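Protein chains in written order, with the working numbering: chain R, 688 to 897; chain H, 50 to 358; chain W, 15 to 641. In this text, a Cβ means the ideal position worked out from N, Cα and C, and glycines have one as well. The model shown is predicted, which means the values in this text are computed figures rather than measured ones.
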Amino acid sequence: MGVVCVYFYPVPEGKSGQQVVDGIQKQIELLGAVKTGNFCVDCETFQAGSGIQNTPQRQVNILHSSEQPASCFAILDTGTCLVADALFDGLMQKLKHYYQQRKGSKIESKGQRYEYGDFIFKVGSVSQASNFKGILVEIEYCPCVVAGDCMNLMKEMSQSLLGSAVAEQQSSFLKTKTDMIYTPADTMSQYLEHFNNFKKATSVNQAMNR
Amino acid sequence: MANQTPNQIEQLHKALKLTQRLRSNVTQVFQKLSDGFEDVEKKDKYLLNDLHKTLSSVNTDLSDLEAGSSTLGPLTAASNSTNSTLICVDPIIDKTSTYTQLIHTYKWTDKMKEQASYASNLLKENQFKRTPIQSGTFTKRLRRSQPACCYPQSNVDVLLNSLIHQYRDTMHISVVRPLGSSAVVMIVLGKTLKALLVLRGMVIEWVKVKGYTEDFHGEDGKVDIWSSSRYQVFQKITQHVTAATLHYYAPEMPDIAIKSLIIWLQSYSTLFSTPCQKCGQFLQNGLPPTWRDLRTKKAYHERCKLMEK
Amino acid sequence: MAVSSVTVSVEPVLESKIQEVKLDGQEIYVPPLSMSENLTKLAHKIDFYKDESDEKGKPTSEGEKDEAEEKVLTSFEQPSWVWDSVRNKLKAAFTEMAVLTDVLNIIKEKRYMVADPVSQDQPDNKPSVLLLAKKRGLVSAGSVLISGAERLKRSHSEHSNRAQDDYFIELLKIRQNWRLKKVGASILGDLTYKTAGSRFFQGGTFEVTKIVDDKTDTSTSHSRGSLEVIIPSELEGVAYIQVEVKSVPEMMDLTSVTLKMPAGLGVIRSDAYWQNKLEVAQNVLFCKELFAQLAREAVQIKSSTPHIVVGNQIITNAFPGIQLSIVLCHYTGKEKKIPQAPQKLEHNHVLEHSLHQLLREVHFKNINYVAPHPVNAMLGMSKRRRLAGPQGTSRRELVEMNVRDTLLEQIIKQTKHAVLRLRTMHVLDELALCIQDPQITAHWSCLNSSLECCVRINITAYGYEVVRSSLVLIIEVDTIQAILKDSRTITLSFEDKALQDLILWQISQHHIQVVQQLAKFHAWTVVSTNFNVGVGDIDLYGTAASLMMASPKGDKVLAFRSGAYNKIQMYLKEIDPSEAVDTSPAVTNPKWQKIIGTFQAVDVEKLQGKTFSQKVDMVMAKLTSMS
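Structure follows, in structure tokens:
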């Protein structure tokens with residue numbers, strides 16, 4: 688359980704997502720990291736069935752991560768996050784009548800997982816309904832639990848791996864959490880932020896294309 | 050006899066002289082009587098007078114002796130009742146010279162002992178020893194009374210309580226004693242790391258450093274001092290702290306040693322946020338600067354420290 | 015009309031009356047009347063004749079019809095009022111009672127009537143009759159008491175001799191210690207550790223029987239007791255687990271191990287007390303379970319070193335050249351007595367005890383689940399595991415929680431650590447004995463675990479304890495970690511030589527450090543120190559250290575070089591300023607004169623002084639010229 692930074696790696700023009708992913712992976716392996724398997728972070732959105740028309744619809748996002756296999760994260764659109772045991776999915780199924788799953792809203796980031804000393808790197812290609820959306824690179828530094836302390840350290844590491852342009856991004860979410868103890872829920876919030884960005888980008892694209 | 054005062058010696062002399070005179074007078078008397086008288090009829094008055102005179106002188110001598118001897122005190126016969134004095138009481142002292150030889154030998158050994166002590170003092174000055182603590186009797190040996198590893202619990206507690214109070218802002222220190230009289234000191238440094246020290250008396254014997262999220266308690270709730278940290282950083286820091294205990298080891302002033310170590314440990318609160326002094330980077334081989342200089346408390350990477358040396 | 019809700023019945027009391035109370039307290043009841051008796055009693059109450067004659071005082075000749083009528087009447091009347099006689103009697107009694115009370119009242123007033131005692135004749139006080147009566151009474155009482163005492167005496171005498179009671183007391187004792195149950199006609203007991211958590215397949219059921227005491231010889235029967243325990247045949251005899259660690263020639267193949275016959279042990283006597291027998295049998299079961307578990311693990315688990323299970327032995331190599339053998343010695347007493355010299359058994363008691371403890375831990379974990387014990391969820395998860403979900407525990411931590419070593423792996427780890435520790439002790443002691451010059455002291459930490467321990471080694475020179483080299487050795491399962499004062503960490507393997515090399519190297523560095531300190535005392539200037547000399551002969555281990563220092567006046571220069579396996583070398587350069595070497599005019603500063611000259615080797619052995627530091631001290635003192 689350490690501090691995690693999730694970076695959005697833009698796919699440059701003319702290259703396919705897979706090429707970029709391979710490039711990043713090669714970079715990581717050059718550093719000396721060891722491949723330790725695959726990872727998967729997925730997100731499903733549930734919407735509260737509105738009986739009354741005027742109230743805004745509440746959304747609940749359920750995220751799972753292979754890094755925390757025993758847990759299930761539920762994040763509301765207000766930002767509140769619940770960390771629960773993996774049996775929470777069953778509970779959501781029971782609430783089927785109130786919370787309906789939005790069709791086609793399942794979005795996931797899948798890829799390889801590497802370990803280097805106390806760092807864990809995950810290069811994931813994001814896809815929604817088998818459409819490639821983008822690339823998310825996650826860097827985790829396990830020993831530290833306060834985000835503010837190791838920001839510079841992370842920046843250095845991400846700079847060497849991903850380049851300074853990507854390293855400069857900083858999640859708005861993290862800025863608020865510099866002195867508090869970092870929890871896995873914060874990681875999931877970061878992922879959700881990126882997933883929402885991807886969804887927005889798709890809808891904007893669709894709107895533009897029309 | 051030597052213990053007598055000169056006055057008494059005078060009187061003794063006098064008494065001896067009187068005894069001698071008495072003796073001679075008595076011998077004269079008897080001599081005269083034994084010589085006999087040739088002419089008793091003519092000289093009988095003269096002879097009788099003579100005899101009377103000698104006898105009266107004997108009488109006066111005797112009375113003098115009696116008067117003189119009454120002033121003499123008794124001889125302290127118990128002054129030297131060892132066997133050696135019994136030898137000198139022997140009347141045939143001229144035949145054997147045991148006592149005189151004895152006296153000579155004693156004087157000689159005494160002198161030799163004295164001179165040997167002078168010699169040893171002189172020789173001690175040049176002995177190829179540069180240990181700071183002198184082994185003379187005049188220098189008090191403070192640490193002899195209490196070797197550092199056998200301090201009583203109360204002293205250790207006093208020191209630890211003072212440390213707890215002093216550093217309550219930056220570090221949270223707690224002491225438990227689950228392993229007998231050895232104190233187990235658990236230190237939580239900010240939100241960075243947790244350290245565990247096992248003390249034996251006032252000497253630090255075992256150090257373990259773990260991350261903030263890790264726990265020193267095992268599954269059954271007991272203190273577990275053996276399991277290492279999961280993270281490489283803290284394994285490295287454990288080694289550094291062990292080396293520091295070798296450096297901060299002063300059995301004569303054990304409390305200073307422990308205090309210095311704690312002050313040094315405090316510098317680890319910026320473990321993840323300071324770059325290395327030498328190379329300016331944060332990471333080297335995936336590790337942050339884990340070494341804090343023992344004197345200047347500056348942060349260095351492990352390799353950078355070796356090169357600095 | 016009253017609603018009839020409650021029925022009230024009036025019944026006669028059905029208690030049987032007491033007819034007689036005997037002298038020994040027994041009550042004899044009147045037997046209750048049977049039906050026919052009851053009827054006769056009631057019939058007796060009816061007085062047929064009286065009624066008939068009372069009713070009619072006339073002669074019967076008047077009319078037989080009347081008789082008939084009367085009879086009919088009377089017969090009609092009779093059953094309706096049975097209680098008439100009762101009522102009349104009560105009335106008569108009441109009248110008499112009233113008369114009596116009146117009389118008594120009158121007598122009380124003493125006016126009209128006075129009660130006078132009636133003088134009676136005194137009965138004859140015949141003492142002989144009285145005596146006889148008393149005697150008879152006493153005799154009967156006496157006989158009752160005697161019969162009771164007789165009974166007690168008989169039961170008491172039977173207690174001390176009878177095997178029947180002894181057996182029950184013994185049975186009570188055995189029930190207090192062991193679990194027994196009655197199956198049919200026999201009593202069976204359980205020897206196994208099943209209730210303590212064992213899952214071993216072998217059962218240990220013993221049977222409890224009574225001993226039929228034929229012999230009149232009381233001495234043996236007393237020692238045996240009256241209870242016999244029959245133990246199943248596979249648990250007979252005595253067993254123990256023997257763990258041995260020995261060094262074997264390295265090239266020896268594991269397959270050619272020597273099998274050992276268990277040495278003859280005393281067998282438990284067949285007429286031993288049942289507690290001893292049962293305990294020994296239980297021990298046999300425990301040893302069997304332990305060995306079965308170890309054998310199963312040895313065969314199933316794939317590890318780097320192969321394990322061999324042969325018969326009742328498990329043999330594995332802890333380190334190359336160190337063999338660990340675990341033998342189950344089970345001596346049943348039925349083997350042929352092989353006349354062999356009694357072998358000296360090499361037990362490693364610590365490891366044996368460890369094995370027993372480990373198996374008991376396994377048992378304990380099988381039974382004791384961490385609270386809570388929910389009905390619907392999984393049982394046996396620790397609190398940390400249950401909270402793993404809500405706390406977002408990572409995969410690595412979850413894996414760590416679940417991984418558990420097997421029994422065999424644990425015991426092998428402990429063996430390895432024990433071997434390493436002994437070896438380290440041995441090396442340190444030997445070095446401390448051989449090397450007198452700097453003194454080596456080892457300070458072992460007071461706390462050890464079965465898998466880890468720690469030593470602090472101090473190297474000091476006698477008389478110059480200001481300079482102290484220290485290092486910490488942490489002895490783990492496979493390796494030894496050496497941490498030097500400057501925090502360099504060296505991982506040593508199990509070879510003795512590695513540790514020896516390291517310490518010798520540290521000693522050589524220590525020499526140079528001492529000389530450095532001496533330079534301070536004598537005010538010599540240290541020109542250069544180098545702890546990793548790159549010139550000269552390569553050392554067998556580590557790097558050599560060198561030091562060069564100059565006297566205060568600059569005319570004498572001493573140089574040292576020490577390595578781990580080379581003797582320390584000392585060189586001296588004496589500069590004679592009077593030797594005017596032809597100086598070229600380019601050399602302006604006289605200080606350049608100081609760099610000329612050749613070094614001469616000094617034989618350290620022949621110097622005066624006991625230790626190296628004393629020798630150097632003396633040399634420096636001699637060479638320092640004051641003028």
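Residues of the segment 261-282 of chain H in Cβ contact with chain R at a cutoff of 7 Å, in chain order, please.
Of all residues in the segment 261-282 of chain H, only TYR261, THR262, TYR280, GLN281 and VAL282 come within less than 7 Å of chain R when Cβ atoms are compared, listed by chain position.
Taking the alpha carbon of LEU314 of chain H as the reference point, which residue from H:CYS199, H:THR109, H:THR291 and H:HIS62 has its own alpha carbon closest?
Position 265 of the second sequence holds residue 314 of chain H. LEU314 of chain H has its Cα closest to that of H:THR291, out of H:CYS199, H:THR109, H:THR291 and H:HIS62.
Does GLU754 of chain R get closer than 9 Å to chain H when you measure Cβ to Cβ?
The count along the first sequence starts at 1 and reaches residue 754 of chain R at position 67. No, because no Cβ of chain H sits closer than 9 Å to the Cβ of GLU754 of chain R.
How big is the Cα-Cα spacing for GLY403 of chain W and PHE775 of chain R?
By 1-based counting over the third sequence, the position of residue 403 of chain W is 389. By 1-based counting over the first sequence, the position of residue 775 of chain R is 88. Rounded to whole angstroms, GLY403 of chain W to PHE775 of chain R spans 10 Å at the Cα level.
Start and end of the alpha helix (DSSP H) containing VAL313 of chain W?
If you number the third sequence from 1, residue 313 of chain W lands on position 299. From DSSP, the alpha helix (DSSP H) with VAL313 of chain W extends over 288-314.
For MET235 of chain H, write down the residues that DSSP places opposite it in a beta bridge.
In the second sequence, counting from the first residue as 1, residue 235 of chain H sits at position 186. Paired residue(s): H:SER223 and H:LEU245.
Among residues of its own chain, excluding the 5 on either side of LYS629 of chain W, which ones have a beta-carbon nearer than 6 Å to its beta-carbon?
If you number the third sequence from 1, residue 629 of chain W lands on position 615. So the qualifying residues of the chain are LEU621 and GLY623.
Please report the residue range of the beta strand (DSSP E) in which VAL708 of chain R lies.
Against the first sequence, residue 708 of chain R aligns to sequence position 21. Careful: VAL708 of chain R lies outside any beta strand (DSSP E), inside the alpha helix (DSSP H) at 704-718.
Coil, strand or helix - GLU242 of chain W by DSSP:
Along the third sequence, read from residue 1 onward, the residue named residue 242 of chain W stands at position 228. Three-state DSSP puts GLU242 of chain W in a strand.
Between which residues of its own chain and ALA512 of chain W is the CB-CB distance below 6 Å, once the five residues before and five after are set aside?
Taking the first residue of the third sequence as position 1, residue 512 of chain W is located at position 498. Within the same chain, ALA512 of chain W has close Cβ partners LEU506.
Extent of the continuous beta strand (DSSP E) run through TRP458 of chain W:
Your numbering for residue 458 of chain W matches position 444 in the third sequence. Counting along the chain, the beta strand (DSSP E) containing TRP458 of chain W begins and ends at 452-458.
CB of ILE826 of chain R within 9 Å of CB of TYR694 of chain R, strictly
Taking the first residue of the first sequence as 1, we reach residue 826 of chain R at position 139. Taking the first residue of the first sequence as 1, we reach residue 694 of chain R at position 7. A contact, by the Cβ cut-off of 9 Å.
Since GLU351 of chain H contacts THR339 of chain H with CB under 8 Å, what's their CB separation in whole angstroms?
Start at 1 with the first residue of the second sequence, and residue 351 of chain H comes out as number 302. Start at 1 with the first residue of the second sequence, and residue 339 of chain H comes out as number 290. With 8 Å as the limit, GLU351 of chain H and THR339 of chain H qualify as a contact, their Cβ atoms being about 6 Å apart.
Looking only at its chain, what residues have a beta carbon closer than 7 Å to the beta carbon of VAL8 of chain W, apart from the 5 residues adjacent to it on each side?
In this structure chain W extends from 15 to 641, so residue 8 of chain W is not present and cannot be described.
Find out if the Cβ-Cβ distance for the pair VAL832 of chain R, ILE807 of chain R is shorter than 9 Å.
In the first sequence, residue 832 of chain R corresponds to position 145, counting from 1. In the first sequence, residue 807 of chain R corresponds to position 120, counting from 1. In this structure, the beta-carbon distance from VAL832 of chain R to ILE807 of chain R does not fall below 9 Å.
Please report the straight-line C-alpha distance between THR232 of chain W and SER240 of chain W, rounded to a whole angstrom.
Within the third sequence, the letter at position 218 stands for residue 232 of chain W. Within the third sequence, the letter at position 226 stands for residue 240 of chain W. Any reading at THR232 of chain W must be qualified, since the residue scores a pLDDT of 44, below 50, and its modelled position is unreliable; no value is offered.
Distance, LYS809 of chain R Cα to GLU934 of chain R Cα
Since the first residue of chain R shown is 688 and the last is 897, residue 934 of chain R is not available in this structure.
Check whether chain W comes within 9 Å of GLN288 of chain H, counting only Cβ atoms and requiring the distance to be less than that.
Stepping through the second sequence from its first residue, residue 288 of chain H is reached at position 239. Closer than 9 Å to some Cβ of chain W, the Cβ of GLN288 of chain H qualifies, so yes.
Answer yes or no: the CB of LEU71 of chain H versus the heavy atoms of the ligand FAD, is any distance below 8 Å?
Only the bare structure without any ligand can be found here, which leaves the ligand FAD out of the picture.
Which of the three DSSP states, helix, strand or coil, is assigned to ASN331 of chain W?
For the purposes of this step, residue 331 of chain W is taken as residue 317 along the third sequence, with counting starting at 1. Correct three-state label for ASN331 of chain W: strand.
Check the DSSP bridge columns for HIS751 of chain R and list the partner residues they point to.
Here residue 751 of chain R refers to the residue found at position 64 of the first sequence. DSSP output for HIS751 of chain R lists R:ASP729 as bridge partner(s).
State the Cα-Cα distance for the pair ILE120 of chain W and LEU114 of chain W, rounded to the nearest angstrom.
Within the third sequence, residue 120 of chain W is the residue found at index 106, counting from 1. Within the third sequence, residue 114 of chain W is the residue found at index 100, counting from 1. Rounded to whole angstroms, ILE120 of chain W and LEU114 of chain W show a C-alpha spacing of 10 Å.
Report the partner residues of MET563 of chain W according to the DSSP bridge assignment.
Taking the third sequence and counting its residues from 1, one reaches residue 563 of chain W at position 549. Bridge partners of MET563 of chain W: W:VAL540 and W:LEU572.
Under a CB-based cut-off of 9 Å, is LYS240 of chain H close to chain R?
Walking along the second sequence from the start, residue 240 of chain H turns up at place 191. Taking Cβ atoms only, chain R reaches closer than 9 Å to LYS240 of chain H, which makes this a yes.
Residue environment, ALA348 of chain H, which counts as buried when at least 16 other CB atoms sit within 10 Å:
For the purposes of this step, residue 348 of chain H is identified with residue 299 of the second sequence, where counting begins at 1. Under the 10 Å beta carbon count, ALA348 of chain H is surrounded by 16 or more other beta carbons and is classified as buried.
Residue environment, GLU303 of chain W, which counts as buried when at least 16 other CB atoms sit within 10 Å
On the third sequence, position 289 is the one that residue 303 of chain W refers to. Buried: at least 16 other Cβ atoms inside 10 Å.
Min CB distance VAL770 of chain R to chain W below 9 Å
Against the first sequence, residue 770 of chain R aligns to sequence position 83. Yes, its Cβ sits closer than 9 Å to a Cβ of chain W.
Does chain W have any CB closer than 9 Å to the CB of THR147 of chain H?
As a first step, residue 147 of chain H is located in the second sequence; it is residue number 98 there, counting from the start. THR147 of chain H has a beta carbon lying at 9 Å or more from every beta carbon in chain W.
According to DSSP, what are the bridge partners of ASP273 of chain H?
Against the second sequence, residue 273 of chain H aligns to sequence position 224. Its beta-bridge partners do not exist; DSSP assigns none.
Below-9 Å beta-carbon distance, THR319 of chain H vs any chain R residue
Within the second sequence, the letter at position 270 stands for residue 319 of chain H. Interface criterion met: the Cβ of THR319 of chain H is under 9 Å from a Cβ in chain R.
Per DSSP, the bridge partner or partners of GLN846 of chain R:
As a working mapping, residue 846 of chain R is identified with position 159 in the first sequence. GLN846 of chain R is bridged by DSSP to nothing; it lacks a bridge partner.
Who pairs with SER483 of chain W in a beta bridge, going by DSSP?
Start at 1 with the first residue of the third sequence, and residue 483 of chain W comes out as number 469. W:ILE473, per the DSSP bridge assignment.
Does any residue of chain H bring its CB to less than 9 Å from the CB of THR455 of chain W?
Here residue 455 of chain W corresponds to residue number 441 of the third sequence, with the count starting at 1. No, because no Cβ of chain H sits closer than 9 Å to the Cβ of THR455 of chain W.
If contact means a Cβ-Cβ distance below 7 Å, which residues of the segment 787-813 of chain R contact chain H?
Those residues of the segment 787-813 of chain R that come within reach of chain H (Cβ to Cβ, closer than 7 Å) are TYR803, GLY804, ASP805 and PHE806.
Same chain, Cβ closer than 7 Å to HIS881 of chain R, neighbours up to 5 away in sequence not counted:
On the first sequence, position 194 is the one that residue 881 of chain R refers to. Excluding residues within five positions, the ones whose Cβ falls inside 7 Å are VAL693, PHE695 and LEU823.
Per-residue DSSP class, three states only, for CYS980 of chain R:
No answer is possible for residue 980 of chain R: it lies beyond the span of chain R, which begins at 688 and ends at 897.
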